[in-house]
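What follows is a short report on a single structure.
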Amino acid sequence: MEKFFTDDIRKQITEILQQMVRPITIKLFVDEKGCQSCPETKQLLTEFKDTNPKIKLEVLDKNQHADQAKKYGISLIPSFVMLNDLGEYKGVKFNGIPAGHEINSFISALIEMSGFPLKIPQVALDRIAKVNKPVQIKVFVTLSCPHCPGAVQTAHRLAMLNPNIQAEMIEANTFPGISQQYNVSGVPKIIINEKYELLGNQPLDAFLTEIEKSLRA
Amino acid sequence: MFDLQIQKRAIPSIFEEISLWDILIIGGGPAGLNAALYAQRKGFKVAIISKEIGGQLHNTSTVDNYLGIPMTEGKHLSETFLKHLETLQVPLYLDVRVQSIKKIKSHFSVELDNGVGLTSKTVLFATGGQPRQLGIPGELEFANKGVSYCTTCDAPFFKDKHVIVAGGGNSAAEAVIDLAVWAKKITVVHRSQWRADQIILKQLSKLKQVTIHLETQLLRAEGDQTLKRVVVLDKKTNKQSIIEADGLFIQIGLLANSTLVKDLVALTPQGEVIVNQDFMTNVPGLFAAGDVTHHPFKQIVIAVGDGAKAALAIQQYLLHHS
Chain A
11 MEKFFTDDIR
21 KQITEILQQM
31 VRPITIKLFV
41 DEKGCQSCPE
51 TKQLLTEFKD
61 TNPKIKLEVL
71 DKNQHADQAK
81 KYGISLIPSF
91 VMLNDLGEYK
101 GVKFNGIPAG
111 HEINSFISAL
121 IEMSGFPLKI
131 PQVALDRIAK
141 VNKPVQIKVF
151 VTLSCPHCPG
161 AVQTAHRLAM
171 LNPNIQAEMI
181 EANTFPGISQ
191 QYNVSGVPKI
201 IINEKYELLG
211 NQPLDAFLTE
221 IEKSLRA
Chain B
1213 MFDLQIQKRA
1223 IPSIFEEISL
1233 WDILIIGGGP
1243 AGLNAALYAQ
1253 RKGFKVAIIS
1263 KEIGGQLHNT
1273 STVDNYLGIP
1283 MTEGKHLSET
1293 FLKHLETLQV
1303 PLYLDVRVQS
1313 IKKIKSHFSV
1323 ELDNGVGLTS
1333 KTVLFATGGQ
1343 PRQLGIPGEL
1353 EFANKGVSYC
1363 TTCDAPFFKD
1373 KHVIVAGGGN
1383 SAAEAVIDLA
1393 VWAKKITVVH
1403 RSQWRADQII
1413 LKQLSKLKQV
1423 TIHLETQLLR
1433 AEGDQTLKRV
1443 VVLDKKTNKQ
1453 SIIEADGLFI
1463 QIGLLANSTL
1473 VKDLVALTPQ
1483 GEVIVNQDFM
1493 TNVPGLFAAG
1503 DVTHHPFKQI
1513 VIAVGDGAKA
1523 ALAIQQYLLH
1533 HS
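What follows is the structure, given as structure tokens:
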């Protein structure tokens, strides 16, 4: 397969990723028997890995590594999770290839998972800390959507900041089944605990308000 | 393949070094970017604060009315603008939202959502607009369940489907052209006559799958889990009818992003910031430019021009008030 990165893009990404603090590990789950966009996702992540020694990449077949797929709640393929330097899973997951505009939320996740300090006001941090029940956030995106990476980034940040919160990007065109199941015909569409919906790239406060509603329910 | 927008995320140390700015520009669209270019060249302490660079340029697929750059993409134009600014090293504070703007004596205090506070002699408010809603029953209920405001985002969901485009300006006509790649059938519903450029309408007229209802008003959107139909009123015959459809793309103009200053400056009843010929609001030192203002004709080139004019007017203001 031809390389995705041009010299210019590789240079820019290499420079941006200089901000990574500690190593991170990406576990990519594919289906060796073949799946739509598995080879592309694998190649994209490999090219990323080659830009910075702090990125480790493991490519796992979902059947051969069913135990790990189960551990990380992998239901769609391709899908990958990001672990911190201690090998801990903080609930940051991507389903489908983070290309197009979504490359931005992927780069953010790489940098922030590596320990780059997040600047979040204390009031919001206090609200996040109070989330004491499991919260699942799904963010449906398309690769041509300029407002989507912001929503994915916010969801992933919430996951990094509280072990009860898990957040996943779902590329809607790669997974039409689940997209139809959630009636997705516009993106970004954010679903919290299967029930509470947010539309558009909402600020952190709006996410927290919906999360708090879901906890009260 | 990639639309890199991410900047170096470390906040430039300049934001800690400078305790009093000459101009803080809020908004990273065409108006804000050009104002920054002009102000930086004049030697002012100027910075841009924005969630992202490009603003509404990201909602536009093709742009063909910007002099000197024929047939380009909105995002490409945004990158071109940014590259130009980078050659001048304008400080950018990105990925933050402004929480509040307050005037304290002769200065402005700008609080960001990450807890950082900045102080400036003047502020240029260039936050642009967002898609206007129709305000019909069912619109919000079916938002993202068939009702959409972003063609570039959502067109792929309507492959081989029937979609309605509401509106009669350039953005509506362009939405039809963008959707034609995906949708099997497109119906335009507009309450009056076309306002779009002839050159776009000519392109549109070549599309076989397009039906046009002018002088027709959308009354409501209906469906169950997702949008299924709209009810329209033909204003000539005064008869209501139903159009079965899977999607409704609303492209009827803009709503100014003025919430942040609504208690600070005078707005039109539509929420647009009122400025004088020097782009100053009724609050001395607080300027506005681009789509957020009450100026008619929301165009990229006009926002860019507004940005330049505002920067020059701010220069005059600072000369007399520093």
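Chain order of the listed sequences is A and B. FYI, in my numbering the residues of the first sequence are 11 to 227. FYI, in my numbering the residues of the second sequence are 1213 to 1534. Glycine included, every Cβ here is placed at the ideal spot set by N, Cα and C.
For the pair of segments examined, the stretch 94–110 of chain A was found not to touch the stretch 133–141 of chain A: the number of CB pairs separated by less than 8 Å stays below three. In the structure shown, B/VAL1393 adopts coil according to DSSP, grouped into three states. The Cβ-Cβ distance between B/VAL1473 and B/PHE1354 does not fall below 9 Å. Look at B/SER1321: its C-beta is not under 9 Å from any C-beta on chain A. In the displayed model, B/GLN1452 falls within a strand according to three-state DSSP.
Around B/THR1292, no beta-carbon contact reaches into chain A at under 9 Å, the shortest distance being about 14 Å.
CA-CA distance, B/GLN1528 to B/LYS1521, rounds to 11 Å. For B/LYS1287, the enclosing alpha helix (DSSP H) begins and ends at 1286–1299. C-alpha of A/MET11 to C-alpha of A/GLN22: approximately 22 Å in a straight line.
Using a Cβ-Cβ cut-off of 7 Å, B/ARG1309 is close to PRO213 of chain A, given in chain order.
Around the beta carbon of A/PHE90, 16 or more other beta carbons lie within 10 angstroms, which makes this residue buried. Rounded to whole angstroms, B/GLN1429 and B/HIS1402 show a C-alpha spacing of 6 Å. B/ASN1277 and B/VAL1388 have their C-alpha atoms roughly 18 Å apart.
With respect to chain A, the C-beta atom of B/LYS1448 has no partner C-beta closer than 9 Å. Following the DSSP letters along the chain, one finds A/GLU222 inside the alpha helix (DSSP H) bounded by residues 214–226. For B/ASP1518, the enclosing alpha helix (DSSP H) stretches over residues 1512–1533. For A/LYS37, DSSP records a beta bridge to A/GLU68, A/VAL91. Remark: three or more beta-carbon pairs, one from each stretch, lie closer than 8 Å, so the stretch 173–193 of chain A and the stretch 141–161 of chain A are flagged as touching. For B/ALA1367, the closest Cβ of chain A is nearer than 9 Å. Neighbourhood of A/HIS111 in chain B, by CB distance below 7 Å: ASP1215, in chain order. Two segments are said to touch when three or more pairs of C-beta atoms, one from each, lie closer than 8 Å; by this definition the stretch 192–212 of chain A touches the stretch 1366–1376 of chain B.
Checking the DSSP bridge columns, you'll see B/ALA1355 partnered with B/VAL1359.
Using a Cβ-Cβ cut-off of 7 Å, B/HIS1532 is close to nothing in chain A; its nearest Cβ partner there is about 37 Å away.
B/ALA1384 is positioned such that its CB atom lies closer than 9 Å to that of B/ALA1378.
Judged by DSSP secondary structure, B/ILE1281 falls outside any beta strand (DSSP E); it is assigned neither H nor E. In the DSSP assignment, B/PHE1461 is bridged to B/SER1360, B/VAL1377.
By the Cβ test, the stretch 1389–1408 of chain B is in contact with the stretch 1453–1464 of chain B, since at least three Cβ pairs between them sit closer than 8 Å.
Taking a Cβ-Cβ cut-off of 8 Å, B/GLY1435 has no neighbours in chain A, whose nearest Cβ is about 10 Å from it. Linking A/GLY83 to A/GLY101 through their CA atoms gives a straight-line distance of about 10 Å. In this structure the stretch 1331–1345 of chain B lies against the stretch 1499–1511 of chain B, because at least three pairs of beta carbons, one per stretch, are closer than 8 Å.
According to DSSP, residue pairing for B/THR1274 in a beta bridge involves B/GLU1285.
Per DSSP, the unbroken alpha helix (DSSP H) holding B/ARG1253 starts and ends at 1242–1254. B/LYS1314 counts as exposed, since fewer than 16 other C-beta atoms from the protein chains shown sit within 10 angstroms of its C-beta.
Around the Cβ of A/ALA76, a 10 Å sphere holds fewer than 16 other Cβ atoms; the residue is exposed.
Listed along the chain, the chain A residues whose CB falls inside 7 Å of the CB of B/LYS1357 are ASN193, SER195.
Close CB contacts of A/LEU86 within its chain, under the 6 Å cut and outside five residues either way in sequence, are with ASN105, PHE185 (chain order).
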